[in-house]
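See structure below.
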Amino acid sequence: MSATVSMRDALYEAPGPKTRKRVLVGTAISLVLLALGIAFVIRQFYINDQLNPKYWSFFGRWTTWRFLLKGLWGTIKVAATAGVIAMALGLLLMLGRISPNKLLSSACHVITEIFRSLPSLLLIYFFFLVIPKYGIRMPSFWMITIPVSLAASGVLAEVFRAGVNAVPKGQVEAAMSLGMTHGKITRKIVLPQALKIVIPSLVSQLVVVVKDTTVAYVVSYPDLMQNARVLISNYDALVSMYFVVAIIYIAINYATNQFSVYLAHRMGTQVVSRMDENPV
Amino acid sequence: MSIQTSMPIISMRHVDKHFGQLHVLRDINLDVAKGEVVVLIGPSGSGKSTLCRTINRLETIDSGEILFEGKPLPQEGKELAAMRAEIGMVFQSFNLFAHKTILDNVTMGPVEVLHRPRKEAEAEAMELLDRVGVAAQAHKVPAQLSGGQQQRVAIARSLAMHPKAMLFDEPTSALDPEMINEVLDVMVELAGMGMTMVVVTHEMNFARRVSNRVVFMADGQIVEQNTPDEFFDHPKSERAKDFLDSIKGH
Amino acid sequence: MGVSEVFAEFGDVYLQSLLSTWLMTAVCFAGGLALGILATVLRVSPIKPLRVAGDIYVQLFRNIPTVSLLVIFVYALPYLGLMLSYRTCLLACVILVVSSFASENFMSGINAIGAGQIEAARSIGLSFVQIIRLIVIPQSLRTTVLPMTNLLIATLLTTAMGSQVPLTPPELTGMVNYVNSRSVAGISAFVLSAICYAGTSVVIGFLGNKLDEKVRIVR
Chain A
1 MSATVSMRDA LYEAPGPKTR KRVLVGTAIS LVLLALGIAF VIRQFYINDQ
51 LNPKYWSFFG RWTTWRFLLK GLWGTIKVAA TAGVIAMALG LLLMLGRISP
101 NKLLSSACHV ITEIFRSLPS LLLIYFFFLV IPKYGIRMPS FWMITIPVSL
151 AASGVLAEVF RAGVNAVPKG QVEAAMSLGM THGKITRKIV LPQALKIVIP
201 SLVSQLVVVV KDTTVAYVVS YPDLMQNARV LISNYDALVS MYFVVAIIYI
251 AINYATNQFS VYLAHRMGTQ VVSRMDENPV
Chain B
1001 MSIQTSMPII SMRHVDKHFG QLHVLRDINL DVAKGEVVVL IGPSGSGKST
1051 LCRTINRLET IDSGEILFEG KPLPQEGKEL AAMRAEIGMV FQSFNLFAHK
1101 TILDNVTMGP VEVLHRPRKE AEAEAMELLD RVGVAAQAHK VPAQLSGGQQ
1151 QRVAIARSLA MHPKAMLFDE PTSALDPEMI NEVLDVMVEL AGMGMTMVVV
1201 THEMNFARRV SNRVVFMADG QIVEQNTPDE FFDHPKSERA KDFLDSIKGH
Chain C
2001 MGVSEVFAEF GDVYLQSLLS TWLMTAVCFA GGLALGILAT VLRVSPIKPL
2051 RVAGDIYVQL FRNIPTVSLL VIFVYALPYL GLMLSYRTCL LACVILVVSS
2101 FASENFMSGI NAIGAGQIEA ARSIGLSFVQ IIRLIVIPQS LRTTVLPMTN
2151 LLIATLLTTA MGSQVPLTPP ELTGMVNYVN SRSVAGISAF VLSAICYAGT
2201 SVVIGFLGNK LDEKVRIVR
């Protein structure tokens, strides 16, 4: 019985009459407080004239959404490309790290740690401010995509490693006793299972990548945020636009997270190192 | 059986309980006398664990009443906690406090609930641990002990509260076969010292050897109850006969 | 211009920048933990509307990109009658984001305890408050050391958002911009900032691991 009860319910026992009364009173009070809070926010919008239809009516026009969707498409292109590069690079870093070659292994370890411990913004500045000084010109798409991939690759290398560690040791030992080489064991036994285990975690890392792309305006790449800024100056409607954009991002990331939880649930695995998420 | 005639320490009257659509306890009437050892048996899903857990209100009931020492179970607050302090409980999965040493597991109740001085509580805890044979592990944490050892610690943790009665909810079901006896031995010793016990178990030998009464449950009902010899040798109901046949096969 | 020359010319600002980054990280982490505890209390409370509010709070700030929140604080809130300094905006945003992740960590810490131990605690007569104080809080704190270490590092990295608003002194990422616009030493500034971030992360990670080894609960 207890196994199916969520922990937050397990903290409380079935209430007696007094407790039930208290919960009821608490529920009433909290509902009032929450309603007051929401009313206050709406009031702030109202008294500052931010509910004025002129700030919201253009969301009824297709041209507005077409432009925002164009920006969203830019976001998706950057995020998808960065995701693929980061996965490939993360996989290579992890493979290097678990290789028997000491030098390669420690080099990959160090690179992983460095990418993991730098803010993606710092890497973006490197590609945006520093590299051009040496005469290297790069399209804005790559100025945002490369640093985002690098930052993500460090985390993904760790995710892959967690997946490899989750493959039962006995299988590796069994393969070794059959005389298989390290490379062959990794390719044939460990990787296929490890990759399957980490799929939900890879999906949840996409959220981090999407978040990292939101500073694309730094390099003037037309992503969702950048296009929203253009619309703000066109329509002179800052508050409504920034709130709508925030809601779009939240919806995308929430859906991605839920999808990864669903995958983990369906595959019977866990979202490994979900806690490593970099909230930027 | 003189033991049956004294005033019951636990008394259940017309107890009913549902889990959603499922009627898990149907009109349960059961008295347990002081010093009595009652074993609850029955097929899985018969409601025996649920019954056991209602006695210290880990499960609530829909209707009827449960009395402990003649008084209705308190429903919440200090009174409920105080009543629970007087009833020991041993779980299938041991449920030791993972962050505390074995010794601290045993002293937590006496120190925090009974407000006894730590020194004194520790001295008694060591005696109890010695009695159940795990004194040498006193400063380890639960995860370092075998299942059998953990369960014996759980019993010591209950005993440290000087309970007036003890509930055992399938105490050996999660154990490897070779560890079952070390736990049963402790329980036999407790029964011999006159502890009032309600035991949900599949250990028929224990039931026959130690209990004063066997209560057979099926589909949330008490189907029959009798002395162990009578029950095992001459079961009256078809359900009980079927059940006993099915476990003989093993 | 090499790293040493950058240090000679911008050393003072750099030191201030490093200290400011550290300070902001500490403030944001402490604030995030405090707010995260509050959110967690709401989420595990028996009062349904508070639970729902706590859950929504966490989902909002867990999923919003920090920049998106920062532009709302810096540019939108003044239109709604709330004008805050740049630094306050930055700190508030990072704290809100960090608190949602902190609460998620606390929730997994609580989930790791298991209902059985709570029932056992109940059955020896511990009150609700005692169960929270003696079992739930110590266990969830001790199981969340590693995730919280990672969160502290993430907090450090998130303060890089400070480069998107004018701050004096700039934090480590803003320093690259600061140095770059005043000299040709962009790459040296990048390397210096990177060393500061990586060094800080390594130290935090090391201490976190040490602490975790000490308090980890074997299950």
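Chains as they are written, first to last, in this note's numbering: chain A, 1 to 280; chain B, 1001 to 1250; chain C, 2001 to 2219.
Beta carbons: idealized from backbone N, C-alpha and C, even for Gly.
**Request:** Could you pull out every residue in the same chain whose Cβ sits closer than 7 Å to the Cβ of A:Leu93, ignoring the five residues on either side in sequence?
**Result:** Cys108, Ile111, Thr112, Ser153 and Ala157
**Secondary structure of B:Pro1163, DSSP reduced to three states** = coil
**Request:** Consider the Cβ of B:Ala1136: report whether some Cβ of chain C lies at a distance smaller than 9 Å.
**Result:** no
**Prompt:** Near C:Phe2073, which residues of its chain fall below 7 Å by C-beta distance, leaving aside the five closest residues on each side in sequence?
**Reply:** Leu2084, Cys2089, Ala2092 and Cys2093
**Message:** Please return the same chain residues whose Cβ sits closer than 8 Å to the Cβ of C:Ser2188, not counting the five positions on each side in sequence.
**Reply:** Met2001, Gly2002, Val2003, Glu2005, Val2006 and Val2179
**Request:** Spell out a yes or no on whether the segment 140-151 of chain A and the segment 217-226 of chain A are touching, meaning 3 or more CB-CB pairs, one atom from each, closer than 8 Å.
**Result:** yes
**Asked** Can you find a C-beta in chain B that's less than 9 Å from the C-beta of C:Ser2123?
**Response** yes
**Item:** Residues that A:Leu137 contacts on chain C, provided the C-beta gap is smaller than 8 Å
**Value:** According to the sequence displayed, residue 137 of chain A carries Arg and not Leu. Under the 8 Å cutoff, chain C gives no residues; its nearest Cβ is about 15 Å from A:Arg137.
**Asked** With distances taken from CA atoms, which of A:Arg116, A:Ala175, A:Ile76 and A:Val84 is nearest A:Val210?
**Response** A:Ile76
**Asked** At what residues does the beta strand (DSSP E) containing B:Asn1226 begin and finish?
**Response** Gln1221 to Asn1226
**Message:** Helix, strand or coil for C:Ser2108? Go by DSSP, reduced to three states.
**Reply:** C:Ser2108 falls in the helix class under three-state DSSP.
**Contact between the segment 1110-1125 of chain B and the segment 49-69 of chain A (3+ Cβ pairs under 8 Å)** = Judged by Cβ distances under 8 Å, the segment 1110-1125 of chain B makes no contact with the segment 49-69 of chain A, as fewer than three pairs qualify.
**Request:** Would you decide whether B:Met1195 is buried or exposed? Buried here means 16 or more other CB atoms lie within 10 Å of its CB.
**Result:** buried
**Request:** Could you pull the start and end residues of the alpha helix (DSSP H) that C:Phe2061 belongs to?
**Result:** Lys2048 to Asn2063
**Item:** Distance between beta carbons of C:Thr2173 and C:Val2097, contact taken as under 8 Å
**Value:** Incorrect: roughly 16 Å between the Cβ atoms, too far for contact.
**Request:** Take B:Leu1184 and list the residues in its own chain whose beta-carbon comes closer than 8 Å to its own, dropping the five residues that flank it on each side.
**Result:** Thr1172, Glu1203 and Phe1206
**Item:** Against chain B: residues of the segment 13-26 of chain A by CB proximity under 8 Å
**Value:** Glu13, Ala14, Pro15, Gly16, Pro17, Lys18 and Thr19
**Request:** Indicate the three-state DSSP secondary structure (helix, strand or coil) for A:Asp223 in the structure shown.
**Result:** coil
**Request:** Provide the residue span of the beta strand (DSSP E) that contains B:Asn1275, from first to last.
**Result:** Residue 1275 of chain B lies beyond the range of chain B shown here (1001 to 1250); nothing can be said about it.
**Asked** In the segment 51-132 of chain A, which residue ranges form an unbroken alpha helix (DSSP H) of at least 4 residues, counting only runs that do not cross its ends?
**Response** 62-98, 102-116 and 120-125
**Prompt:** If contact means a Cβ-Cβ distance below 7 Å, which residues of the segment 30-46 of chain A contact chain C?
**Reply:** If you check each beta-carbon in the segment 30-46 of chain A against every beta-carbon of chain C, the ones closer than 7 Å belong to Ser30, Leu31, Leu34, Gln44 and Phe45.
**Message:** Using only the alpha-carbon positions, how far apart do C:Pro2169 and C:Gly2162 sit?
**Reply:** 10 Å
**Prompt:** What residues from the segment 1057-1068 of chain B come within 7 Å of chain A, judged by C-beta to C-beta, listed N to C?
**Reply:** Thr1060
**Item:** Counted within 10 angstroms of its Cβ, other Cβ atoms place A:Asn257 as buried (16 or more) or exposed
**Value:** A:Asn257 is buried by the Cβ-count criterion.
**Item:** Separation of B:Gly1109 from B:Ala1252, as counted between CA atoms
**Value:** Lying outside 1001 to 1250, the shown extent of chain B, residue 1252 of chain B is not represented and no answer is given.
**Message:** What does the alpha-carbon distance come out to for the pair A:Lys102 and A:Ile247?
**Reply:** 47 Å
**Asked** Any idea what DSSP makes of B:Ile1028, helix, strand or coil?
**Response** Three-state DSSP puts B:Ile1028 in a strand.
**Request:** Return the residues of the segment 1070-1083 of chain B that lie within a Cβ-Cβ distance of less than 9 Å from chain A, sorted by chain order.
**Result:** Pro1074, Gln1075, Glu1076, Gly1077 and Leu1080
**Request:** Might you give, ordered along the chain, the residues of its own chain that have their beta carbon closer than 7 Å to the beta carbon of A:Ile146, omitting 5 neighbours on each side?
**Result:** Phe127
**Message:** Would A:Ala82 and A:Thr213 be called neighbours here (beta carbons separated by less than 9 Å)?
**Reply:** yes
**Item:** Anticipated Cβ contact below 8 Å, C:Phe2101 with C:Arg2062, distance rounded
**Value:** 6 Å
**Under the three-state DSSP convention, the category A:Gly26 falls into** = helix
**Request:** Taking C:Leu2126 as the query, report the chain B residues whose CB atoms sit under 8 Å from its CB, ordered along the chain.
**Result:** Ala1081, Met1108, Gly1109, Glu1112 and Val1113
**Message:** So that I know if they touch, is there some Cβ in chain C lying closer than 9 Å to that of A:Thr81?
**Reply:** no
**Item:** Nearest residue (CA-CA) to A:Leu34, options C:Ile2037, C:Ala2039, C:Glu2104 and C:Leu2050
**Value:** C:Leu2050
**Request:** Please state if the CB of B:Gly1047 and the CB of B:Leu1025 are separated by a distance shorter than 9 Å.
**Result:** yes
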